[in-house]
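The structure under discussion appears below in the form of structure tokens.
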Amino acid sequence: MDRTPPPGATGSGAIHRFRSELRTWRARQGLTQRALAERVRFSRETVAAVESGRRYGSQEFAVRCDEVLGTGGRLAALWPQVAAEQLAADGRRGPRFGETERPEPTAAPPAPRRDARDPEAVVAAIDELRELIGQVLGGQPETDAPPDPPGGRPGRS
Numbered sequence: 069m070d071r072t073p074p075p076g077a078t079g080s081g082a083i084h085r086f087r088s089e090l091r092t093w094r095a096r097q098g099l100t101q102r103a104l105a106e107r108v109r110f111s112r113e114t115v116a117a118v119e120s121g122r123r124y125g126s127q128e129f130a131v132r133c134d135e136v137l138g139t140g141g142r143l144a145a146l147w148p149q150v151a152a153e154q155l156a157a158d159g160r161r162g163p164r165f166g167e168t169e170r171p172e173p174t175a176a177p178p179a180p181r182r183d184a185r186d187p188e189a190v191v192a193a194i195d196e197l198r199e200l201i202g203q204v205l206g207g208q209p210e211t212d213a214p215p216d217p218p219g220g221r222p223g224r225s
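The following block contains the structure:
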């Protein structure tokens, strides 16, 4: 969830607390944005954008910052609220295309977008991908797949 917040969302509750905690803990440890970025393995631009409210960051970013800054998990604890505020903000953005911006119809209508939070939609998408992969590989059934490497996932039956 590393998207750009909509205008006005940067000062909201959990998002504001997250930004403030991140900046406070970084400064408390005497780290520059660049030094923190190197330690959490994100770019300096990402650290700066999250602190300034231009981006939300991600849960992985929060966890890594907690580890490096020794916050006792404060940033990761705020993350569910940040994610909820982000989803709420995304929901207020409206449709992706305005009436005058709709793409021209094509011979085949595009597949409807699936909600990635819906487990059934995810399973359906995975099944479609398996079918397409099978077609690309010449219709080989999944059971003909080579065995998994040692230490890998057990094969499916």
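Going from the sequence shown to our numbering is simple: count from 1 and add 68.
By construction, the Cβ of each residue, glycine as well, lies at the ideal position given by its N, Cα and C atoms.
When you compare only the Cα positions, how much space is there between residue i and residue j?
{"i": "residue 148", "j": "residue 206", "result": "44 Å"}
{"i": "residue 99", "j": "residue 81", "result": "25 Å"}
{"i": "residue 150", "j": "residue 157", "result": "10 Å"}
{"i": "residue 197", "j": "residue 95", "result": "46 Å"}
{"i": "residue 139", "j": "residue 93", "result": "7 Å"}
{"i": "residue 195", "j": "residue 201", "result": "10 Å"}
{"i": "residue 191", "j": "residue 119", "result": "36 Å"}
{"i": "residue 155", "j": "residue 121", "result": "15 Å"}
{"i": "residue 170", "j": "residue 125", "result": "At residue 170, the pLDDT of 47 sits below 50, so the modelled position is not reliable; the number obtained from the coordinates is stated separately. Going by the C-alpha atoms only, they are around 30 Å apart."}
Just tell me which of the options has its CA closest to the CA of residue i.
{"i": "residue 141", "options": "152, 127, 204", "result": "127"}
{"i": "residue 130", "options": "122, 115, 120", "result": "115"}
If you count every other CB in all the chains shown that lies within 10 Å of the CB of residue i, and 16 or more means buried, which is it?
{"i": "residue 87", "result": "buried"}
{"i": "residue 83", "result": "buried"}
{"i": "residue 90", "result": "buried"}
{"i": "residue 123", "result": "buried"}
{"i": "residue 186", "result": "exposed"}
{"i": "residue 203", "result": "exposed"}
{"i": "residue 153", "result": "buried"}
{"i": "residue 104", "result": "buried"}
{"i": "residue 79", "result": "Reliability fails at residue 79, whose pLDDT of 47 lies under 50, so the model's placement of it is uncertain and the value that follows must be treated cautiously. Burial call: exposed."}
Near residue i, what residues of its chain come up, given a Cβ to Cβ distance below 6 Å and the 5 sequence neighbours on each side ignored?
{"i": "residue 113", "result": "none"}
{"i": "residue 136", "result": "107, 108"}
{"i": "residue 117", "result": "123"}
{"i": "residue 101", "result": "112, 115, 116"}
{"i": "residue 199", "result": "none"}
Given residue i, which residues of its chain have a CB within under 7 Å of its CB, disregarding the five upstream and five downstream residues?
{"i": "residue 85", "result": "146"}
{"i": "residue 97", "result": "137"}
{"i": "residue 143", "result": "86, 89, 90, 130, 133, 134"}
Hey, would you say the C-beta of residue i is under 7 Å away from at least one heavy atom of the ligand ADP?
{"i": "residue 186", "result": "No copy of the ligand ADP occurs in the structure displayed, which carries no ligand at all."}
CB-CB under 8 Å to residue i, same chain, minus the five flanking residues each way: which ones, in chain order?
{"i": "residue 110", "result": "129, 132"}
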